Amino acid sequence: MKLFCQTGFPKTICTDQGTNFTAQLTQAFQDVLGVSRRFSTPGHPESMGAVERWNRTLKDMLNKNIQEHGNEWDVHLPYLLFAYREIPHTLTGVSPYQLVYGRLPSGPMTILKEF
């Protein structure tokens with residue numbers, strides 16, 4: 001809910017068919033908010049390719065962080081997420097941050113590029 005208060009509600013939410021996403025309460029909540037649902041095909045996670053790619057990227061980031069800092073990944077997670085959101089995506093040419101907020105972030109990577 002915190003995210004939706006900051007960014008607004010999406011038009012569509014794409015998920016797998018886990019019970020937490022198919023529950024009647026979740027469906028009712030989405031119906032009230034006018035959010036449509038799109039489910040992946042059971043047993044075929046590749047049908048949500050962008051999500052699966054993001055999951056792999058995040059997993060790689062967390063594994064590297066754990067190798068360097070031990071099991072305190074939860075402390076570092078907000079910084080890892082910001083770093084990812086700050087870097088322009090090869091497909092769009094802009095960062096996820098810029099797509100959401102309509103402006104460049106003023107984080108470490110952006111500041112380093114200016115030098």
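The sequence shown finishes on residue 115 if you use the UniProt record's numbering, and the numbering steps up by one all the way, no holes.
All C-beta atoms, glycine included, are put in the ideal place defined by N, C-alpha and C.
Model, not experiment: these values are computed from the prediction.
Item to check | Residue environment, Tyr101, which counts as buried when at least 16 other CB atoms sit within 10 Å | outcome: exposed
Checklist entry - Hey, is the region 13-25 in contact with the region 35-47, meaning 3+ C-beta pairs nearer than 8 Å? => result yes
Checklist entry - Does DSSP classify Phe21 as helix, strand or coil? => result helix
Item to check | The beta strand (DSSP E) enclosing Ile13, as first and last residue numbers | outcome: Thr12 to Thr15
Checklist entry - How would you call residue 116, buried or exposed, if buried means at least 16 neighbouring beta carbons within 10 angstroms? => result In the structure displayed, the chain extends from 1 to 115; residue 116 sits before or after that span and is not available.
Checklist entry - Phe82 by DSSP, collapsed to three states: which one? => result helix
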